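Data first, discussion second: the structure below is written as structure tokens.
2 protein chains.
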Amino acid sequence: MQFSSRFTIATHILVCVAMFQEEQKMTSNFLAGSIQVNPVVVRNVLGQLSDAGIVGIRAGVGGAFLAKPAEDITLLDIFKAVEKEEALFHFHENPNPLCPVGRNIHSVMDERLEEIQNAMEQQMTETTLAQLVSETKDRA
Amino acid sequence: MQFSSRFTIATHILVCVAMFQEEQKMTSNFLAGSIQVNPVVVRNVLGQLSDAGIVGIRAGVGGAFLAKPAEDITLLDIFKAVEKEEALFHFHENPNPLCPVGRNIHSVMDERLEEIQNAMEQQMTETTLAQLVSETKDRA
DNA sequence: TTTGGTTGTAACTATTGACATTACAACTCT
DNA sequence: AGAGTTGTAATGTCAATAGTTACAACCAAA
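In structure tokens form, the structure reads like this:
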């Protein structure tokens, strides 16, 4: 199991937009060139980021721009925009209620699984887009 | 994206084995009855748990048993036994080295992605099989 | 030593999701 | 009106999940 590459693609897109939106029009073609994926993939991800209120997109004329300050965009915001699954874990559907384990496994596990997912999401809030941009500029 | 149900199936198997191994022979058929999945699925997961040194399996005669104390088996042990992916995140392969973002996105992101995965795995070590068994007994 | 129950594994199928690509209608500025 | 762009549908490929059948190999007990 792996998360889809849409998460790193979305992050890549946002770092580009944050860095270059003042200088150039951020079209799906331009972004696709930096990421080296098909422009349609960029458009789809960009659409999800737009639905989440992270970017705005100029229809017709073209070009994406940040809809809020890079300081206010965390990796969790990006993750949630592109990964629509509510639950990280997939429970087997029909444990046998006649078995004491089958009857209780869900209630015993659910809280733990939630804590695990929370731990992951909490760590995702620790990084903002602004930090990624600043670090990218340092290295460039 | 979701983890496969093998993780919750494996956990279910282990709670059953820990609770009932003294009383009954833990065959794939018995376990499949509690989990309500095909016995072959149980045998495959059980094989992975055996490879990981978590359970032993009596060939021929049949039946699984814990290979170490339930206190020493954490959710992370179970998770690693059944999810063979090394990395949780899937990076897009070919960012453009001619772009300052494409050239540096990997080095900027890698450490963060690792921290996120570590946070998740750390939380998984907080729960042991012994706790799950004890809580299941309380509820039964 | 045969028999019965069990495991390990291969083979096949169905379903789903990811991703790339082509195509085109709709939109907006010049 | 035209050019460039977005949104989206359709299609194809590939890999993973999961269910199922089948059977050789194995071991203990009768």
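So the sequences go chain by chain: R and U.
Per numbering that gives the first Met the number 0, residue 0 is the first one in the first sequence, and the count goes up by one each step.
Per numbering that gives the first Met the number 0, residue 0 is the first one in the second sequence, and the count goes up by one each step.
Using N, Cα and C, we set each Cβ at its ideal position, and we do this for glycine too.
Fair warning: this is a prediction, and the values are worked out from it, not measured in the lab.
Asked                                                                                                         : Found
Closest Cα partner of G46/R within the set A80/R, V36/R, S4/R                                                 : A80/R
Cβ shell of R42/U (< 6 Å), same chain only, five flanking positions each side left out                        : S27
Min CB distance S49/U to chain R below 8 Å                                                                    : no
Neighbour-count burial assignment, D50/U, 16 or more Cβ in a 10 Å radius                                      : exposed
Sequence-distant residues of the same chain with beta carbon closer than 7 Å to A69/U, five excluded per side : A17, T127, L128, A129, V132
Extent of the continuous alpha helix (DSSP H) to which F88/U belongs                                          : It is not in any alpha helix (DSSP H) - F88/U carries neither H nor E in the DSSP assignment.
For V36/U, three-class secondary structure by DSSP                                                            : coil
DSSP beta-bridge partners of G55/U                                                                            : F64/U
DSSP beta-bridge partners of T127/U                                                                           : T73/U
Residues near A139/R by beta carbon distance below 8 Å, same chain, minus five either side                    : none
Assigned secondary structure, S49/U (DSSP; H/G/I helix, E/B strand, else coil)                                : helix
Cβ of A129/U within 8 Å of any chain R Cβ                                                                     : no
Cutoff 8 Å; reference T142/U; Cβ partners in own chain excluding five residues on either side                 : It is not possible to answer for residue 142/U, since the shown part of chain U is limited to 0 through 139.
Extent of the continuous alpha helix (DSSP H) to which L13/R belongs                                          : 5 to 19
Supposed contact pair P94/U and T135/R - C-beta distance, whole angstroms, cut 8 Å                            : Not really, about 12 Å apart at Cβ, beyond 8 Å.
Whole-Å CB distance - V36/R paired with I8/R, under 8 Å assumed                                               : 6 Å
Best match in R57/U, H89/U, G52/U, H11/U for proximity to R142/R [C-alpha to C-alpha]                         : Residue numbering for chain R in the displayed model covers 0 to 139; residue 142/R lies beyond these limits and cannot be assessed.
Rounded Cβ spacing between Q1/R and A86/U (contact assumed at less than 8 Å)                                  : 7 Å
Contacts of S4/R in chain U (Cβ-Cβ under 7 Å)                                                                 : H89, F90, H91
Cβ-Cβ separation, F90/R to Q20/R (assumed contact under 8 Å), whole Å                                         : With a Cβ gap of about 42 Å, Q20/R and F90/R do not count as contacting.
Interface flag, G61/R vs chain U, CB-CB below 8 Å                                                             : no
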